[in-house]
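Each remark here refers to the structure printed beneath this line.
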Amino acid sequence: MSEYSKILLDESEMPTAWYNVIPDLPAPPPPPLHPGTHEPIGPDDLAPLFPMALIGQEVTTDSHVDIPGEVIDVYRLWRPSPLFRARRLEKLLDTPARIYYKYEGVSPAGSHKPNTSVPQAFYNAAEGVKKLTTETGAGQWGSALSFACAQYGLECEVWQVRASYDQKPYRKTMMEVWGASVHPSPSDLTEAGRAILAQDPDSPGSLGIAISEAVEMAAGDPDTKYALGSVLNHVLLHQTIIGEEALLQLAKVDEVPDVLVGCTGGGSNFGGLSFPFLREKLAGRMNPTIRCVEPAACPSLTRGEYRYDFGDTLGMTPLVKMHTLGHGFVPDPIHAGGLRYHGMAPLVSHLYELGLVEAEAIHQNECFDAAITFARAEGIVPAPEPTHAIAAAVREAKRAREAGEERVILTALCGHGHLDLAAYEKYLAGELEDYDYPEEKVAAAMEEVPVIA
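In the working numbering, the protein residues as written are 1422 to 1874.
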């Protein structure tokens, strides 16, 4: 028999519960605070934006949450997703390391995002909600929510960050195919958007601005709720199906990772892959190094401050304790639009503070260089976001070669780049810019962050 290249699970082997890492941590994460009173928020504070089922998942202390059968039925369209052994990449790098990647590009939207958009749409529909609003950067999350809303008969309205709206026009078309309406952000449809345009008519936008617009529209309509594609606990909870499947798949070939790397923007893909492995590490059953990889132009973990800040630009969301570059910070228009976020998931930030995960930042040219190497070896053209994880995996594989050590490297390839080819076109033409860390812009943004005792 020839050597395997992918490890598959049968549909009957799909995990039936999401994993909540919080009960297994040595200390709980700090609570979100009300933006006005600075007191811990309660369910009533979140009710204008989220259905009660998701609010319950946001604060649950249960280790596992059962996945509804109606959600599993939709998951079966693409799950379980494959785990690949990157043998051709290993050979090309001449490394003794064994590289595995969990490929989420097989979903209808082409990324990991439907893992949470489907349950979010399900729970909203079950509570009688008629419409969901959201933000999107590269368009992966907007596409995923548009798809999910179509499954449950919901309307969907999306604010897409202007830089990505212009760079990736076919993402808008994809969202519209699934029935969504899409606006560039900042827009003149909301007070938040108009305020930003008054300051800078040519604003490239940011995820923080787009969140402000989507939240404003949802808060003003009782039949409308808001859906967030990353950052919050319940989003990371839903994504843990990635890591739960990967654990089962590696067990089939008797492998345990020495190093796990994942790209981090808001933290959902990273959390989804890593949290089940962190559970095993905390229980003493394995001991992988777990590393976040972020863009050098927007390095919230490696350069940000750990403090309470708003999740959006206009200060409409609760205050959450996270690594932040300041809610007013507008990152340079790197092509990994899904990583252009000023903060980090509070749960990932908390793990970093506890010393349970590491972090590194990589420039986009090194990421695309690794992505081209990967595509030519493995055949898959990655989305710009996971190129950061691929670059980190390549670094790790080269270190294994230099040390002459066998290492098992696990990463998540969270989406394909078929609608991101403009970024590859720029890279291949030598026109892709490496943005330096914008120290002055971050310092100015941090001055606006509230000081919480």
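We put the CB at the ideal spot given by N, CA and C, even for glycine.
**Test item: CB-CB of Pro-1501 and Glu-1432 under 9 Å** = As a working mapping, residue 1501 is identified with position 80 in the sequence shown. As a working mapping, residue 1432 is identified with position 11 in the sequence shown. In this structure, Glu-1432 lies closer than 9 Å to Pro-1501 by Cβ.
**Asked** With Phe-1750 and Val-1863 assumed to form a contact (beta carbons below 8 Å), what rounded beta-carbon distance in angstroms separates them?
**Response** Along the sequence shown, read from residue 1 onward, the residue named residue 1750 stands at position 329. Along the sequence shown, read from residue 1 onward, the residue named residue 1863 stands at position 442. 6 Å between Cβ atoms; contact.
**Prompt:** Could you check where the beta strand (DSSP E) with Trp-1580 kicks off and where it finishes?
**Reply:** The residue labelled residue 1580 in the question sits at position 159 within the sequence shown. Counting along the chain, the beta strand (DSSP E) containing Trp-1580 begins and ends at 1576 to 1582.
**Request:** Below 7 Å CB to CB, which residues in the same chain sit around Ser-1651 once its five sequence neighbours on both sides are set aside?
**Result:** The residue given as residue 1651 occupies position 230 in the sequence shown. So the list reads Gly-1686, Gly-1687, Gly-1688, Ser-1689, Ala-1766, once near-sequence residues are dropped.
**Spatial distance of Ala-1584 from Leu-1430 (CA atoms)** = Within the sequence shown, the letter at position 163 stands for residue 1584. Within the sequence shown, the letter at position 9 stands for residue 1430. Counting only the Cα atoms, Leu-1430 lies some 38 Å from Ala-1584.
**Prompt:** Who does Ala-1569 pair with in a DSSP beta bridge?
**Reply:** The residue labelled residue 1569 in the question sits at position 148 within the sequence shown. Paired residue(s): none; Ala-1569 is not in a bridge.
**Item:** Burial state of Met-1422 (16 or more Cβ within 10 Å)
**Value:** Within the sequence shown, the letter at position 1 stands for residue 1422. Confidence in Met-1422 is poor, its pLDDT being 41 and thus under 50, which makes the residue's placement too unreliable to answer from.
**Request:** Kindly indicate the opening and closing residues of the beta strand (DSSP E) around Ala-1438.
**Result:** Here residue 1438 corresponds to residue number 17 of the sequence shown, with the count starting at 1. Looking at the DSSP string, the run of the beta strand (DSSP E) that includes Ala-1438 is 1438 to 1440.
**Request:** Whole angstroms is fine: what's the gap from Val-1869's alpha carbon to Gln-1660's?
**Result:** For the purposes of this step, residue 1869 is identified with residue 448 of the sequence shown, where counting begins at 1. For the purposes of this step, residue 1660 is identified with residue 239 of the sequence shown, where counting begins at 1. The residue you asked about is not Val; residue 1869 is Glu in the sequence shown. For Glu-1869 and Gln-1660, the distance between alpha carbons rounds to 32 Å.
**Message:** Quick check on DSSP: helix, strand or coil for Thr-1808?
**Reply:** Reading the sequence shown from its first residue, position 387 is the one you call residue 1808. Reduced to three states, the DSSP call for Thr-1808 is helix.
**Request:** For Glu-1774, collect the residues of the same chain with a Cβ closer than 7 Å to its Cβ; drop the 5 residues on either side in sequence, then sort them by chain order.
**Result:** As a working note, residue 1774 is residue 353 in the sequence shown. Only Tyr-1727 meet the Cβ criterion.
**Message:** If you reduce the DSSP assignment to three classes, tell me which class Val-1680 lands in.
**Reply:** Stepping through the sequence shown from its first residue, residue 1680 is reached at position 259. The answer is strand: DSSP assigns Val-1680 an E or B state.
**Prompt:** Residues in its own chain within less than 6 Å of Pro-1451 by CB, not counting five upstream and five downstream?
**Reply:** Translated into the one-based positions of the sequence shown, residue 1451 becomes position 30. So the qualifying residues of the chain are Lys-1742.
**Nearest-angstrom beta carbon gap, Ala-1798 and Leu-1513 [assumed within contact, 8 Å]** = The sequence position of residue 1513 within the sequence shown is 92, counting from 1. The sequence position of residue 1798 within the sequence shown is 377, counting from 1. So it is a contact: roughly 5 Å between Cβ atoms.
**Prompt:** How would you label Pro-1720, buried or exposed, when you count the other beta carbons within 10 angstroms and need 16 or more for buried?
**Reply:** Here the question's residue 1720 lines up with position 299 in the sequence shown. So Pro-1720 counts as buried.
**Local conformation of Met-1422 per DSSP, three classes** = Within the sequence shown, residue 1422 is the residue found at index 1, counting from 1. Here the model assigns Met-1422 a pLDDT of 41, short of 50, so the residue's position is not dependable and the matter cannot be decided.
**Nearest candidate by alpha-carbon position, reference Arg-1828, set Pro-1436, Ile-1488, Ala-1518** = By one-based count along the sequence shown, residue 1828 stands at place 407. If we check each option's Cα against that of Arg-1828, Ala-1518 comes out closest.
**Request:** Note down, in chain order, each residue of its chain lying with its Cβ closer than 6 Å to the Cβ of His-1533, except the 5 sequence neighbours on either side.
**Result:** Residue numbering aside, residue 1533 sits at position 112 when the sequence shown is read from its first letter. So the list reads Glu-1525, Asn-1690, Cys-1835, once near-sequence residues are dropped.
**Prompt:** What did DSSP end up calling Ile-1488 once you bin it into helix, strand or coil?
**Reply:** Sequence index remark: in the sequence shown, residue 1488 carries index 67 (1-based). Coil, per DSSP.
**Sequence ranges, alpha helix (DSSP H) only - wholly within the stretch 1470 to 1539, length at least 4** = 1473 to 1480, 1490 to 1496, 1508 to 1514
**Request:** Kindly indicate which residue of Val-1872, Ile-1755, Tyr-1440, Glu-1666 has the alpha-carbon position closest to the one of His-1809.
**Result:** Along the sequence shown, read from residue 1 onward, the residue named residue 1809 stands at position 388. When each option's Cα is compared against that of His-1809, the closest is Ile-1755.
**Request:** Mind checking which residues open and close the alpha helix (DSSP H) that includes Asp-1465?
**Result:** Here residue 1465 refers to the residue found at position 44 of the sequence shown. Segment 1464 to 1467, the alpha helix (DSSP H) holding Asp-1465.
**Asked** Exposed or buried, what is Trp-1439 when buried is set at 16 or more other beta-carbons lying within 10 Å of its beta-carbon?
**Response** On the sequence shown, residue 1439 is found 18 positions in, with the first residue counted as 1. Trp-1439 comes out buried.
**Asked** In the DSSP assignment, what residue or residues form a beta bridge with Val-1741?
**Response** As a first step, residue 1741 must be located in the sequence shown, where it is residue number 320. Partner(s): Asp-1730.
**Message:** Tell me which residues share the same chain as Asp-1494 and place their Cβ nearer than 6 Å to its Cβ, disregarding the 5 neighbours each side in the sequence.
**Reply:** Working through the sequence shown from its first residue, we reach residue 1494 at position 73. The answer is none, since no qualifying residue turns up.
**Request:** Please determine, among Ala-1546, Glu-1556, Lys-1589, the residue with the shortest C-alpha to C-alpha distance to Pro-1569.
**Result:** Taking the first residue of the sequence shown as position 1, residue 1569 is located at position 148. Note that residue 1569 is Ala in the sequence shown here, rather than Pro. Residue Ala-1546 is the option with its Cα nearest to Ala-1569.
**Request:** Quick one: grab the DSSP three-state call for Val-1863.
**Result:** The sequence position of residue 1863 within the sequence shown is 442, counting from 1. If DSSP states are grouped into helix, strand and coil, Val-1863 belongs with the helices.
**Item:** Per-residue DSSP class, three states only, for Ile-1783
**Value:** Walking along the sequence shown from the start, residue 1783 turns up at place 362. Strand at Ile-1783.
**Message:** Taking 9 Å as the threshold (beta carbon to beta carbon), is Gly-1531 in contact with chain B?
**Reply:** The question asks about chain B, but that chain is absent: this structure has only one protein chain.
**Asked** Is there contact between the stretch 1813 to 1825 and the stretch 1841 to 1849, where contact requires at least three CB pairs shorter than 8 Å?
**Response** no
**Request:** Give the DSSP-derived three-state secondary structure of Cys-1713 in the structure shown.
**Result:** Here residue 1713 refers to the residue found at position 292 of the sequence shown. Strand.
**Item:** Simplified DSSP state of Ala-1796, which is helix, strand or coil
**Value:** Position 375 of the sequence shown, counted from the start, is the residue given in the question as residue 1796. In the displayed model, Ala-1796 falls within a helix according to three-state DSSP.
**First and last residue of the uninterrupted beta strand (DSSP E) at Lys-1702** = As a working note, residue 1702 is residue 281 in the sequence shown. Note, Lys-1702: premise wrong, no beta strand (DSSP E); alpha helix (DSSP H) at 1689 to 1703.
**Message:** Distance check for Gly-1614 and Ala-1718, CA to CA, integer angstroms please.
**Reply:** Locating residue 1718 in the sequence shown gives position 297, where the first residue counts as 1. Locating residue 1614 in the sequence shown gives position 193, where the first residue counts as 1. The straight-line gap from Cα to Cα measures roughly 24 Å.
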